[in-house]
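Same order as they appear, the protein sequences are chains B and E. Its first residue numbered 0, the first sequence is counted upward by one per residue in numbering that gives the first Met the number 0. Its first residue numbered 0, the second sequence is counted upward by one per residue in numbering that gives the first Met the number 0. So the structure is just underneath, and the comments pick up after that.
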Amino acid sequence: MLIRRAPDLTAADITPESRFLDRRRFLREAGLLGVGATGIVASLGAGLGVTGLDACTSGDATPAGPPAPDRVTAYDDATGYNNYYEFGTDKDDPKTNAGALRTRPWSVAVEGLVARPAVYQLDDLFRGMTPAEHVYRHRCVEAWSMVIPWLGYPLGDVLRRLQPQPAARFVEFTTLLDPAQMPGQRSSVLPWPYIEALRLDEAMHPLTLLATGMYGKVLPNQNGAPLRLVVPWKYGFKGAKAIVKIRLTDRQPQTTWNAAASDEYGFYANVNPAVDHPRWTQAKERRVGEFRRRATLPFNGYADQVASLYAGMDLVRNF
Amino acid sequence: MSTLVGPRPGPPLPWLRPWFERAGRPLARVLGRDWGRALVWAASFVPAVYLAWQLWLAFQGEPNDLGREPVKGLEHATGEQSIRFLLITLAVTPVRQLTGWNWLAKYRRVFGLVMFAYATAHLVTYAALDLELNLGDLAREIVKRPYLVVGFAGWLVLVPLAVTSTTGWIRRLGGRRWNALHRFTYLVVVLGMVHYWMSQKKDHTEPVMWGLAFVAVFAWRWWRRTPAAPASVEQPAVV
């Protein structure tokens, strides 16, 4: 498989766009107000304001300076610290137990409100498309985070080829159910198979990926091989792994963690520092590889790209 | 002869007694002395020294045994040590009754205080490393999260027990009152286990295993409780 690195998506892209825009705003306002010290101070203040943190969190959680830089997480950490209950509930269980999963041949059933329902071989699903690298922050609902260079395809591109019917409003993803290969499924810790879902507009958003690789390599089994969902502005559990079924529907699907504990895990699960998990705060996170905690950004730092999807919505109730 | 008669049940499993007596003699020669206790006391803190060293490595960004989230790893480790030493403390009396090793009695205080030390380290880890000593956050979090309320209440109950663990306090309170006060250890077990259970995301296997161990210890204590004095009319019939 030829893996092309998209020149337009590099590690530099993970700098929040708001920070990037600050520069222009700074120049513009500095120009308007003159190059006096007052102008610089005023525009700096305005610039920090648009990071968007203060829109969602209480004032004391707003960091004084710019967010710390994002560095790609060590491969060993990203492949050895996983929540993938199909292979066990400990974070090192997936690495230990996922090795035997057969990921080829692999077929994906496309069902529901779609013009071209069929069972596709994995390669047919992406025929003629080129995987590209996307470096995303990954924020777990348990308040830890990583930075992962994914390889994959925008889900929207795939869905457009499958042609959703006008009535379709949600996309549901189902993980493989096979207790013989997935020992964690022999325990009833969650209702199996694992099901996740997105609103269709979330699924069509260019940030949303179907990933088949990471770190320039084929996706390791413990990270969801051969096919997983990546939605960088949502908590990690939204990213269904080892997907065997994609179903388009007009009704909001019942998702697994929401069914298991509806007060703790909502359908939307957008990263939001202002909405706590019942047992811990979501205002901060621990980046794997760093000792101190860092502030969690609204929509995981992708607010500029995705906040408009939720305009007018009560994000506290729709957590 | 019946074990149901008399102020206290007779020794359990009497056929094991000779074996315990033989095995107990060399043990008593070491562990029954003050310096033996000091040795056990020091050994109980070996895990603490190890954890501190691993934390230092984590802080330096070196590979360490606390895991990818070292602070969480330390929280789990100190929490688990607290539960472990709480169980050991409560097991001292049953083991003493079973074996007849009465020198074990003094280890209740040793293990109880070790447990308090680990529980305090657990709380300090959370406050200092997890919340980074933001006292506003600490107060807000402890009030907002039921499992933190329960855990913190458990630690508060431990404080007077640790303070009154000295011989001076036993004398000052008198045996009966001191015993009544230290029965609050059972409340600590309940609060600790509820805290443990609630803090788990979904997999409750470990709290259940620890819970069963506590149930076993309590079942023994109930079985070996001092029975009520038998009615005097029955007395001659049994003797």
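For each residue, glycine too, the CB sits at the ideal point set by N, CA and C. Just so we're clear, the structure is a prediction, and the values are computed from it rather than from any experiment.
Requested in this report: Count the C-beta pairs between the region 186-205 of chain B and the region 94-107 of chain B that are closer than 8 Å, then say yes if the count reaches three, no if not.
Outcome: no
**Report entry** C-alpha distance - glutamine 184/B paired with alanine 224/B, whole-angstrom precision
**Finding:** 17 Å
Query raised in the report: Thinking C-beta only, is asparagine 271/B closer than 7 Å to tyrosine 264/B?
Result: no
Query - Assumed close pair glutamate 131/E, arginine 291/B - CB separation to whole angstroms, cut-off 8 Å - result: 7 Å
**Report entry** beta strand (DSSP E) runs contained entirely in the region 200-242 of chain B, provided each spans 3 or more residues
**Finding:** 208-213, 227-229
Report task. Could you tell me whether the Cβ of glutamate 233/E comes closer than 7 Å to any Cβ of chain B? Result -> Note that glutamate 233/E scores 45 on pLDDT, short of 50, meaning its location in the model is unreliable; the coordinates nonetheless yield the value given after this. It does not; no Cβ of chain B falls within 7 Å.
**Report entry** Beta-bridge pairing of asparagine 269/B - partner residues as DSSP gives them
**Finding:** Lys233/B
Query raised in the report: What span of residues does the alpha helix (DSSP H) with glycine 151/B cover, start to end?
Result: Segment 143-153 is the beta strand (DSSP E) holding glycine 151/B; no alpha helix (DSSP H) there.
Query raised in the report: Closest by CA to valine 158/E, which one among Leu86/E, Phe115/E, Tyr146/E?
Result: Of the residues Leu86/E, Phe115/E, Tyr146/E, the one whose Cα lies closest to the Cα of valine 158/E is Phe115/E.
**Report entry** Simplified DSSP assignment, three categories, for glycine 30/B
**Finding:** In this prediction, glycine 30/B has a pLDDT of 42, which is less than 50 and means its spatial position is unreliable; nothing more can be read from the coordinates.
Report task. State the DSSP-derived secondary structure class of leucine 296/B, mapped to helix, strand or coil. Result -> When DSSP states are grouped into helix, strand and coil, leucine 296/B belongs to the coil group.
**Report entry** Any C-beta of chain E under 7 Å from that of tyrosine 234/B
**Finding:** no
Requested in this report: With 7 Å as the threshold, decide whether the Cβ of tryptophan 143/B is near any Cβ in chain E.
Outcome: yes
Query - Backbone CA spacing between arginine 175/E and tryptophan 143/B [nearest angstrom] - result: 50 Å
Query raised in the report: Can a CB atom of chain E be found closer than 7 Å to the CB of arginine 138/B?
Result: no
Query - arginine 188/B in three-state terms, based on DSSP - result: It is worth fixing the name first, because residue 188/B is valine in this sequence and not arginine. Valine 188/B: coil per DSSP, three-state reduction.
Query raised in the report: Do proline 93/B and glutamine 221/B have their CB atoms nearer than 7 Å?
Result: yes
Query - Validate contact between the region 20-29 of chain E and the region 87-103 of chain E using beta carbons, cut 8 Å, 3 pairs - result: yes
Requested in this report: State the DSSP-derived secondary structure class of proline 163/B, mapped to helix, strand or coil.
Outcome: strand
Report task. Give the interface partners of alanine 259/B over in chain E, defined as CB-CB distance under 9 Å, in chain order. Result -> Here the neighbours are Lys201.
Query raised in the report: Quick one: which chain E residues come within Cβ less than 8 Å of arginine 291/B?
Result: For arginine 291/B, the neighbours in chain E by C-beta distance under 8 Å run, in chain order, Glu131.
Query raised in the report: Taking C-beta to C-beta, are threonine 72/B and methionine 128/B nearer than 7 Å?
Result: no
Query raised in the report: From this set, Ser43/E, Pro206/E, Pro17/E, Val188/E, which residue's C-alpha is nearest leucine 155/E's C-alpha?
Result: Val188/E
Query - Three-state class that DSSP yields for arginine 198/B in the structure shown - result: strand
Query raised in the report: Buried or exposed: asparagine 81/B, going by 16 or more other Cβ atoms within 10 Å of its Cβ?
Result: buried
Query raised in the report: Which residues of chain E have a Cβ atom closer than 8 Å to the Cβ of arginine 285/B, listed in chain order?
Result: What arginine 285/B touches in chain E, judged by beta-carbon distance under 8 Å, is Glu68, Val70, Lys71, going in chain order.
Requested in this report: In angstroms with no decimal places, state the Cα-to-Cα distance between proline 277/B and alanine 22/E.
Outcome: Going by the C-alpha atoms only, they are around 52 Å apart.
Query raised in the report: So phenylalanine 236/B and valine 274/B are in contact, right, with Cβ under 8 Å, and what is the actual spacing, rounded?
Result: Not really, about 15 Å apart at Cβ, beyond 8 Å.
Report task. Give the secondary structure of lysine 244/B by DSSP, where H, G and I count as helix, E and B as strand, and everything else as coil. Result -> Reduced to three states, the DSSP call for lysine 244/B is strand.
Query raised in the report: Got a sec: which bits of the region 180-202 of chain B sit with their beta carbon under 9 Å from any beta carbon on chain E, in order along the chain?
Result: Ser186, Val188, Leu189
Query raised in the report: In whole angstroms, what is the alpha-carbon distance linking leucine 124/B and valine 229/B?
Result: 17 Å
**Report entry** Reference glutamate 205/E; option with closest CA among Asp89/B, Val140/B, Tyr83/B, Asp76/B
**Finding:** For the options Asp89/B, Val140/B, Tyr83/B, Asp76/B, the alpha carbon positioned closest to that of glutamate 205/E is the one of Asp89/B.
**Report entry** Cutoff 7 Å: threonine 72/B Cβ touching any chain E Cβ
**Finding:** no
Query raised in the report: Roughly how many angstroms lie between the CA atoms of arginine 95/E and aspartate 33/E, to the nearest whole one?
Result: One C-alpha to the other measures close to 18 Å.
**Report entry** Contacts of aspartate 76/B in chain E (Cβ-Cβ under 9 Å)
**Finding:** Arg67
Query raised in the report: CB-CB under 7 Å to proline 116/B, same chain, minus the five flanking residues each way: which ones, in chain order?
Result: Val109, Glu110
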